[in-house]
Amino acid sequence: MDVVNQLVATGQFTIIKQPLGFMKILQWIFAIFAFSTCGSYSGMFKMSVECKNRSESDLSIEVEFEYPFRLHQVYFDAPTCKGESPERLFLIGDYSSSAEFFVTVGVFSFLYSMAALSVYVFILEKYREGCKGAQIDFVVTSVFTFFWLVASSAWAKGLSDVKAATDPDKVLLLIEACDEPENRCREVHDPVVSGLNTSVAFGFLNLILWGGNLWFVFKETGWMAAFGGTYAPSQEKAPAPESFGQEGYGQEGYAPQGDAYAGTQGGYQPDYGQGGYTEGGGDYQQGGYEQQPTSFANQM
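Numbering (UniProt numbering), first residue to last: 1 to 300.
Shown next as C-alpha cells:
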C-alpha cells in the first residue's frame, strides 16, 4: 500500500489533461473495444429443410461459428430426403488470418498504450531527456498506425467474406435435397453480425487515433525545430581596404594629407622652382609662394 501511495505521489497526472496523454487513454480504450468485439464473437444461423416425406424433414438446422472463423471446419447435418442417413456438410472458407491479425494488433496496441501512459505519468522527465524517448515513441506510433490501416482493411474484406459464407440462402445451395422441386428449403434465422461490424468501425477509429497522435508525439521529438528553421548560407564579405593611400585616394584621387596638389602620381603639380619667375629677389619654391618681390622698392 505504501508503494502505491508513493507512486501516486510522484506521478504527474496532469499529463492526462494534455493531448499527449489523453490520446493514449483513448487508444487504450478503443483498442480494447476493437479486439474484444472481434475475438469474443460467436454466431449462429438456422435453416429448414422440408422433404416430401415429412418424416425425413429437419425444420431446425443450427449452424454455429465463432472466432477465428475457420469456416471450413464448421459442419452441420442435413437430410437427403431419400430415406438415407443425413449428410454432413462443411461451410466454405478460412478467414482466420485477417481476423487473428486484427485481434493481435488490437492486443499489442492496448499493451503499448498502457506502457506509454505509465511512462508519461511516472518518468516524464526521462522521456523528454534528450528527446530519445519521444523519438522512439514516434517510430512505434507510426508502425502501429500502419498496422491499424492494414489490419482494419484486411478484416473489413474478411468480414464481407464471412457474411457471404454464412448467408443461409447460399448455404442451402450446398444441400442436395434443396435441388429437388418437391422439397422446400428456407432460412429460419440469419446470423447477427452487428458485433463484427462494430469491430471494423473500432478498427478504423483506432487508425484515426493513432494517426492523429503522430502530431503530438512529433512535437516532443525536437525535430520540429530542425524542420521549422530556415537555412541561410553565409555570404562572403569584400575585404576592407588596408589604407586610403593605395588605390583609393592616395595615387590617382584626392590625398587627404598635405597640399591639395601634392599627389605623387595623379593630380596637378606646377613646378615654380625650375621654370618659374626668380628675378628681383622673388623666389617661387615648389611648395608655394614664400617671399614677396622687392624689385619695386629698389627702383624707387
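For every residue, glycine included, the Cβ atom is placed at its ideal position computed from N, Cα and C. Treat the numbers as computed from the prediction; the structure is a model and nothing was measured.
Can you tell me whether residue i is buried or exposed, with buried defined as 16 or more other CB within 10 angstroms of its CB?
i, result
"Gln-18", "exposed"
"Ser-118", "exposed"
"Asp-77", "exposed"
"Val-143", "exposed"
"Thr-14", "exposed"
"Ala-31", "buried"
"Asn-213", "buried"
"Asp-169", "exposed"
"Leu-20", "buried"
"residue 303", "This structure cannot settle anything about residue 303, because the visible part of the chain is limited to 1 through 300."
"Ile-61", "buried"
"Gly-203", "buried"
"Ala-165", "buried"
Judging by CA-CA distance, which residue of the options is the nearest neighbour of residue i?
i, options, result
"Ala-134", "Phe-204, Leu-205 and Phe-216", "Phe-216"
"Leu-172", "Phe-90, Ser-96, Asp-94 and Thr-198", "Phe-90"
"Met-44", "Val-162, Ser-98, Phe-101 and Val-192", "Val-192"
"residue 335", "Tyr-95, Asp-94, Lys-24 and Gly-222", "This structure does not reach residue 335, given that the chain is present from 1 up to 300, and the question cannot be answered."
"Ala-115", "Phe-218, Phe-204, Leu-205 and Val-140", "Val-140"
"Ser-153", "Ile-92, Ala-201 and Ala-164", "Ala-201"
"Ser-36", "Arg-54, Met-47 and Tyr-67", "Tyr-67"
"Ser-97", "Trp-223, Lys-219 and Asp-161", "Asp-161"
"Leu-196", "Phe-22, Ile-16 and Tyr-41", "Tyr-41"
"Cys-185", "Ser-48, Ala-151 and Phe-22", "Ser-48"
"Ala-151", "Glu-84, Pro-86, Thr-104 and Thr-166", "Thr-104"
"Ile-16", "Ile-136, Val-121 and Asp-167", "Val-121"
"Ile-175", "Ile-29, Pro-86 and Phe-108", "Pro-86"
"Ser-113", "Ser-194, Gly-83 and Phe-22", "Phe-22"
"Ser-109", "Lys-126, Ile-29, Gln-73 and Glu-84", "Ile-29"
"Ser-194", "Phe-218, Gly-83, Gln-73 and Lys-163", "Lys-163"
Which whole-angstrom value describes the C-beta separation of residue i and residue j, a residue pair presumed to lie in contact below a C-beta threshold of 8 Å?
i, j, result
"Gly-106", "Ala-34", "4 Å"
"Asn-206", "Gln-27", "7 Å"
"Ser-57", "Glu-64", "Ser-57 to Glu-64, Cβ: 21 Å. No contact."
"Glu-187", "Cys-81", "Their Cβ separation, rounded to whole angstroms, is 18 Å, which puts Glu-187 and Cys-81 out of contact at 8 Å."
"Lys-46", "His-189", "4 Å"
Does residue i have its Cβ less than 7 Å from a Cβ in chain C?
i, result
"Lys-157", "Among the chains in the structure shown there is no chain C, since it carries only a single protein chain."
Is the CB-CB distance between residue i and residue j below 7 Å?
i, j, result
"Gly-93", "Leu-124", "no"
"Cys-178", "Phe-102", "no"
"Trp-210", "Trp-148", "yes"
"Ala-99", "Phe-69", "yes"
"Gly-158", "Tyr-75", "no"
"Thr-198", "Phe-138", "no"
Q: Jot down the residue ranges of each uninterrupted beta strand (DSSP E) in the region 39-98, minimum 3 residues, whole runs only, in chain order.
A: 42-50, 58-66, 75-78 and 87-90
**Q.** Whole alpha helix (DSSP H) elements within the region 145-219, 4-residue minimum
**A.** 168-171 and 194-218
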